[in-house]
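Asks: I have a structure I would like to understand better, so I am pasting it below and will then ask my questions one at a time.
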Amino acid sequence: MNNAVLSLSGITVSLAQDRSTQLVENVSLDVERGQVVCLVGESGSGKSVLARTMMGLTQLDRGVVVEGDVLWDGIPLGRRSHEKLRGRDLSMVFQEPVGSLDPLFTVESQLSEALRRAHGRIGLSETRRRIRELLSEVGIPDPDRVMRSYAHQLSGGMCQRVMIAGALACEPKLLIADEPTTALDVTVQAQILDLIARLCKERDMAVILVTHDLGVAARLADRVAVLYSGQLVEDAGSDKTFTSARHPYTRGLLDCVPLMTGPRRTLLTTVEGSVPDPTNRPSGCPFSPRCARATSKCEEMPAMNQEPERRFACWNPYPEPADIAGSLV
Ligand SMILES: Nc1ncnc2c1ncn2[C@@H]1O[C@H](COP(=O)(O)OP(=O)(O)O)[C@@H](O)[C@H]1O
Ligand SMILES: [Mg+2]
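Note that the sequence shown covers residues 430 to 758 in my numbering.
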């Protein structure tokens, strides 16, 4: 038995009208307490579909069919049990902070509602005290003013902090944040990300952070799961991802990020082209048309290779650094 709070087991999401079109294909992934797992991949790779499936939201969408299991503490979730977890043990921060707050209600009334949903009825003064505490916790210096404000009176960064406060109101065991800082400028972005990482450690919470930016992952991730065209191509501890990624797609993504640390990566080439549309995915390894290392073997989909602290799906992976050293002798 592992320590996973949430696990995905063989999750496939396909279109109801055309089951051969798969938005996510056979993804298995564990998320452990106190750990930030970054889910990375280019736009269109299926990150949001997977995040929404963890929340049990894709399962409510009549346009798609979800196969496989989402497990909580090792037990598969049904629709009802998933719903019970949402807004309690499981909460999510969406990409658009301003749009996610209700323009007609003050921050106080929206956070009161979140608290009530999570903890049942509590008195007015206790509610206010908790809201003030939550707002301070997410780094808002003047909670009283912000409580009385409406979304349009706050900056994007403030709205996103309020959204995170709302997501934390229930003291979740797992926080899923889907590109929570894309709409914000870089300094605010860094503050919000550091905040999420700090809360993860302080509260021993699990975090899934969805991002298309490996620079963000380098800063926060304990583990990095790389998605390409709906498939998990590599899943490894951050150290391994950033020093010795095995999958050519992970290497290509890394090459697009100017990292301040680590050796210069002379072996890499940037990835040309784009993620295929799910309706038009090539057979075999979907990355092969863009891959410099592709061979005829790649016409067949590779199985997951298991190594300590790492999994990857590739026929022609980059060697481990030790192997490179060996080959030079
Ligand atoms: N409800 C849906 N119905 C049909 N196609 C969808 C639906 N949701 C997402 N898609 C498609 O699935 C693919 C992956 O989308 P998404 O998960 O949003 O990518 P990402 O978040 O990685 O940018 C895209 O091609 C998108 O158009
Ligand atoms: Mg997305």
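Think of the CB as a built atom: it goes at the ideal place given N, C-alpha and C, for glycine as much as any other residue. None of the values given here were measured: they were computed from a predicted structure.
Taking only runs of the alpha helix (DSSP H) that begin and end inside the segment 446-508, which ones reach a length of at least 4 residues, in chain order?
Replies: 476-483, all fully within the segment 446-508.
Asks: Counting Cβ pairs closer than 8 Å, one from the segment 459-475 and one from the segment 520-536, do we hit at least three?
Replies: Cβ pair count under 8 Å is below three, so no.
Asks: By Cβ distance, which residues of its chain are closer than 7 Å to S578, with the 5 residues on each side in sequence left out?
Replies: Excluding positions up to five away in sequence, the list reads T535, V536.
Asks: The beta strand (DSSP E) with T441 in it runs from where to where?
Replies: Its beta strand (DSSP E) spans residues 433-444.
Asks: Would you say S529 touches ligand 2, meaning its beta carbon is less than 7 Å from a heavy atom?
Replies: False, no ligand heavy atom lies under 7 Å from that Cβ.
Asks: Near D706, what residues of its chain come up, given a Cβ to Cβ distance below 8 Å and the 5 sequence neighbours on each side ignored?
Replies: Result list for D706: G473, in chain order.
Asks: The alpha helix (DSSP H) that contains T640, what's its start and end?
Replies: Premise fails: T640 lies in the beta strand (DSSP E), 635-640, not in any alpha helix (DSSP H).
Asks: Which residue or residues does DSSP assign as beta-bridge partners of L604?
Replies: S520, V636, per the DSSP bridge assignment.
Asks: What span of residues does the alpha helix (DSSP H) with L661 cover, start to end?
Replies: Counting along the chain, L661 falls outside any alpha helix (DSSP H), though it belongs to the beta strand (DSSP E) covering 660-666.
Asks: Would you kindly work out how many angstroms separate the C-alpha atoms of V494 and S541, rounded to a whole number?
Replies: Each residue's Cα considered, the two are about 35 Å apart.
Asks: Return helix, strand or coil for F741, following the three-state DSSP convention.
Replies: Here F741 sits in strand by DSSP.
Asks: What separation, rounded to the nearest whole angstrom, lies between the Cα atoms of V575 and L583?
Replies: Each residue's Cα considered, the two are about 8 Å apart.
Asks: If contact is defined by three or more beta carbon pairs under 8 Å, each pair taking one atom from either stretch, is the segment 733-745 in contact with the segment 666-675?
Replies: Touching, yes.
Asks: Which of helix, strand or coil does DSSP assign to R710?
Replies: Correct three-state label for R710: coil.
Asks: Return the bridge partner residues of E736 from the DSSP annotation.
Replies: Partner(s): R739.
Asks: Going by beta carbon distance, what residues of the same chain come within less than 6 Å of S436, once the five residues before and after it are set aside?
Replies: Excluding residues within five positions, the ones whose Cβ falls inside 6 Å are D459, L500.
Asks: Taking G492 as the reference, which of P609, I504, L452, A606 has the closest Cα?
Replies: Minimum Cα distance to G492 is reached at L452.
Asks: Alpha carbon to alpha carbon, what distance is there between L444 and I621?
Replies: I621 and L444: Cα-Cα distance of roughly 35 Å.
Asks: So if DSSP puts P596 in a beta bridge, which residue, or which two residues, is it bridged to?
Replies: With the sequence shown as reference, residue 596 is identified as Ala, and Pro is not the correct amino acid for it. Answer is none; A596 lacks a bridge partner.
Asks: Please name the residue in S658, G659, R627 whose C-alpha comes closest to that of D651.
Replies: Selected option, being the one with the closest Cα: R627.
Asks: So is T482 buried or exposed if we call it buried at 16+ other beta carbons inside 10 Å?
Replies: With 16 or more Cβ atoms within 10 Å of its Cβ, T482 is classed as buried.
Asks: Under a three-way DSSP split, which group does R559 fall into?
Replies: Of the three classes helix, strand and coil, the one that applies to R559 here is helix, per DSSP.
Asks: Using only the alpha-carbon positions, how far apart do I769 and V469 sit?
Replies: Only positions 430 to 758 of the chain appear in the structure, and residue 769 is not among them; the question remains open.
Asks: Please go through the same chain and pick out, in chain order, the residues whose beta-carbon is closer than 6 Å to the beta-carbon of K744, but skip the five residues on each side of it.
Replies: Here the sequence assigns Trp to residue 744, which means Lys is not the residue at that position. Result list for W744: K726, C727, P731, in chain order.
Asks: Take D518 and list the residues in its own chain whose beta-carbon comes closer than 6 Å to its own, dropping the five residues that flank it on each side.
Replies: The answer, listed in chain order, is P601, K602.
Asks: Relative to the C-alpha of V617, which residue among M521, L506, V567, G552 is closest?
Replies: It is V567.
Asks: Taking only the alpha-carbon atoms, compute the straight-line gap between I569 and L613 and give it to the nearest angstrom.
Replies: If I take the Cα positions, the gap works out to 16 Å.
Asks: Pick helix, strand or coil for V704, following the three-state DSSP scheme.
Replies: The answer is coil: DSSP assigns V704 none of H, G, I, E or B.
Asks: Check whether the Cβ atoms of A594 and L563 lie closer than 8 Å to each other.
Replies: Taking 8 Å as the Cβ cut-off, A594 and L563 qualify as a contacting pair.
Asks: With a threshold of 8 Å between beta carbons, is L458 in contact with chain D?
Replies: Note that chain D does not occur in the displayed structure, where there is just one protein chain.
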